[in-house]
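Below is one structure, written out as structure tokens, with a few remarks after it.
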């Protein structure tokens with residue numbers, strides 16, 4: 059069904075099923091006006107979403123982060139994401155001989171570790187005179203991680 | 007040009023170029039209604055955008071990420087971003103005596119490395135008993151990176 063008033067910028071479809079806004083037309087929601095979807099006001103959510111949003115180079119990315127105190131040479135951490143596509147980690151304080159390195163891996167996201175989790179690998183040198191890495195051991199340094207996923 | 011019906015909450019500008027929603031007005035998109043921009047339904051995109059959106063401290067940030075197997079002590083990686091403003095990386099597995107550290111830099115984004123690329127530096131200790139870093143060599147540990155840019 060055609061739109062009424064094709065010569066105006068905002069026009070209603072005959073029968074009232076749609077409103078079309080042509081180039082140059084505008085909607086101005088003055089202070090106090092509501093923008094609702096199925097009865098839920100989305101003004102705050104829309105304002106937050108358009109305030110310098112971060113986009114992924116692919117669609118649907120989310121960010122999760124956390125800090126853990128390790129307990130083993132490898133710890134699995136549930137990120138809160140459905141699937142993780144990238145993760146990085148670092149020590150949050152001085153590396154020490156019992157815990158000198160940590161890194162993060164997303165693994166296969168299908169059991170090693172489970173989808174949505176990451177593995178954090180912690181290593182320390184064999185000794186002060188031998189930097190060969192081995193599993194880190196207590197005393198541990200806290201580890202911060204950032205994960206990107208969906 | 008003035009709005010018609012200033013005593014109503016939703017009013018269309020004379021000539022039809024704009025609609026104004028005064029305080030107390032509502033526009034409610036019921037289930038099944040479309041929200042289109044230039045003929046493309048944006049309901050899913052809007053819903054995704056307002057689900058715990060991530061904001062940048064500056065506008066237009068994007069996130070890119072990847073994993074690669076190094077082949078040299080320093081190498082440039084094309085991120086897919088136009089310009090990179092920040093990057094972090096880590097090994098995704100146990101550091102070894104042939105590849106113990108990797109770090110990432112955005113450089114000058116004007117040739118060293120090229121705009122949109124990052125430079126990843128890979129190092130190892132001279133020997134197990136001499137931790138002085140030198141260029142890493144094969145066998146390599148894969149490196150995961152996360153970049154922010156525009």
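Chains as they are written, first to last, in our numbering: chain Z, 59 to 208; chain D, 7 to 156.
Idealized CB from N, CA, C, for every residue including glycine.
What you are looking at is a predicted structure, and each value in this text was computed from that prediction instead of being measured.
Beta bridge counterpart(s) of residue i as assigned by DSSP
i, result
"residue 175 of chain Z", "Z:136"
"residue 164 of chain D", "Residue 164 of chain D lies beyond the stretch modelled for chain D, which goes from 7 to 156, so this question has no answer here."
"residue 149 of chain Z", "Z:201"
"residue 133 of chain D", "D:136"
"residue 150 of chain D", "D:73 and D:96"
"residue 121 of chain D", "DSSP output for residue 121 of chain D lists no bridge partner at all."
"residue 141 of chain D", "D:129"
"residue 192 of chain Z", "Z:182"
"residue 113 of chain D", "Residue 113 of chain D pairs with nothing; no bridge assigned."
"residue 163 of chain Z", "Z:177"
"residue 61 of chain D", "Z:111"
"residue 206 of chain Z", "Z:121 and Z:144"
"residue 79 of chain Z", "Z:68"
"residue 155 of chain D", "D:68 and D:90"
Chain D contact residues for residue i, given Cβ-Cβ distances below 7 Å
i, result
"residue 45 of chain Z", "Outside the displayed range of chain Z (59 to 208) lies residue 45 of chain Z, so it cannot be described from this structure."
"residue 93 of chain Z", "33"
"residue 143 of chain Z", "71"
"residue 83 of chain Z", "23 and 24"
"residue 147 of chain Z", "96"
"residue 156 of chain Z", "Correct list: empty, because the minimum Cβ distance to chain D is about 15 Å."
Residues near residue i by beta carbon distance below 6 Å, same chain, minus five either side
i, result
"residue 84 of chain D", "123"
"residue 49 of chain D", "41"
"residue 59 of chain Z", "Low confidence applies here, because residue 59 of chain Z scores a pLDDT of 49, under 50, leaving its location unreliable and the question unanswered by this model."
"residue 99 of chain D", "147"
"residue 100 of chain Z", "93"
"residue 143 of chain Z", "206 and 207"
"residue 187 of chain Z", "none"
"residue 15 of chain D", "28, 30 and 31"
"residue 107 of chain D", "129"
"residue 91 of chain D", "154 and 155"
Beta-carbon neighbours of residue i, restricted to chain D and to distances below 8 Å
i, result
"residue 101 of chain Z", "What residue 101 of chain Z touches in chain D: nothing, since even the nearest Cβ is about 10 Å away."
"residue 188 of chain Z", "134 and 135"
"residue 86 of chain Z", "24, 25, 26 and 27"
"residue 121 of chain Z", "60 and 69"
"residue 204 of chain Z", "94 and 152"
Residue i: contacting residues in chain Z (beta-carbon distance under 7 Å)
i, result
"residue 62 of chain D", "110 and 112"
"residue 22 of chain D", "63, 66, 67, 68 and 69"
"residue 131 of chain D", "189"
"residue 101 of chain D", "159, 181 and 191"
"residue 37 of chain D", "96"
Close Cβ partners of residue i (< 7 Å) along its chain, the five nearest in sequence each way excluded
i, result
"residue 189 of chain Z", "183"
"residue 23 of chain D", "none"
"residue 109 of chain D", "95 and 127"
"residue 118 of chain Z", "208"
"residue 104 of chain D", "130, 142, 143, 144 and 145"
"residue 192 of chain Z", "181, 182 and 184"
Contacts that residue i makes with chain Z (C-beta to C-beta distance below 9 Å)
i, result
"residue 14 of chain D", "Per Cβ cutoff of 9 Å: no residues; residue 14 of chain D is ~12 Å from chain Z at best."
"residue 125 of chain D", "Going along chain Z, no residue has its Cβ under 9 Å from residue 125 of chain D, so there is no contact; the nearest lies around 16 Å."
"residue 18 of chain D", "66 and 68"
"residue 140 of chain D", "Chain Z residues near residue 140 of chain D: none, gap ~13 Å exceeds 9 Å."
"residue 79 of chain D", "Those do not exist, as residue 79 of chain D stays about 18 Å from chain Z at its closest Cβ, beyond 9 Å."
Any non-hydrogen atom of the ligand SAH within 7 Å of residue i CB
i, result
"residue 115 of chain Z", "This structure lacks the ligand SAH, and indeed carries no ligand of any kind."
Close-in-space but distant-in-sequence residues of the same chain around residue i (CB under 8 Å, 5 per side omitted)
i, result
"residue 141 of chain D", "78, 79, 80, 128, 129 and 130"
"residue 162 of chain Z", "145, 146, 147, 176, 177, 178, 179, 203 and 205"
"residue 88 of chain D", "121, 122, 155 and 156"
"residue 82 of chain Z", "67"
"residue 90 of chain Z", "none"
"residue 133 of chain D", "103"
Contacts that residue i makes with chain Z (C-beta to C-beta distance below 8 Å)
i, result
"residue 86 of chain D", "115"
"residue 65 of chain D", "110"
Closer than 9 Å at the beta carbon, the chain D residues around residue i
i, result
"residue 104 of chain Z", "52, 55 and 56"
"residue 195 of chain Z", "Going along chain D, no residue has its Cβ under 9 Å from residue 195 of chain Z, so there is no contact; the nearest lies around 14 Å."
"residue 174 of chain Z", "Per Cβ cutoff of 9 Å: no residues; residue 174 of chain Z is ~16 Å from chain D at best."
"residue 118 of chain Z", "54"
Exercise. For the region 23-58 of chain D, which segments carrying the alpha helix (DSSP H) assignment without a break, of at least 4 residues, lie completely within its bounds, in sequence order?
Worked result: 49-55
Exercise. Whole beta strand (DSSP E) runs in the region 78-111 of chain D with 3 or more residues, listed along the chain?
Worked result: 80-84, 90-97 and 107-111
Exercise. Three or more C-beta pairs closer than 8 Å, one from the region 67-76 of chain D and one from the region 122-142 of chain Z: is that the case here?
Worked result: no
Exercise. Using 8 Å as the threshold, is the region 175-182 of chain Z in touch with the region 133-140 of chain Z, meaning 3 or more CB pairs across them?
Worked result: yes
For this session: Say whether the region 84-97 of chain D touches the region 119-133 of chain D, bearing in mind that this needs 3 or more beta-carbon pairs closer than 8 Å, one atom from each stretch.
Result: yes
Exercise. Is the region 141-158 of chain Z close to the region 187-201 of chain Z, with three or more CB pairs under 8 Å?
Worked result: yes
Problem set entry | Contained beta strand (DSSP E) runs [length at least 3] in the region 84-147 of chain Z, N- to C-terminal order | 84-87, 92-95, 120-126 and 132-136
Exercise. Taking one C-beta from the region 58-66 of chain D and one from the region 109-119 of chain D each time, how about it: are there three or more such pairs within less than 8 Å?
Worked result: no
Problem set entry | Cβ pair count under 8 Å reaching 3, the region 53-64 of chain D against the region 107-121 of chain Z | yes
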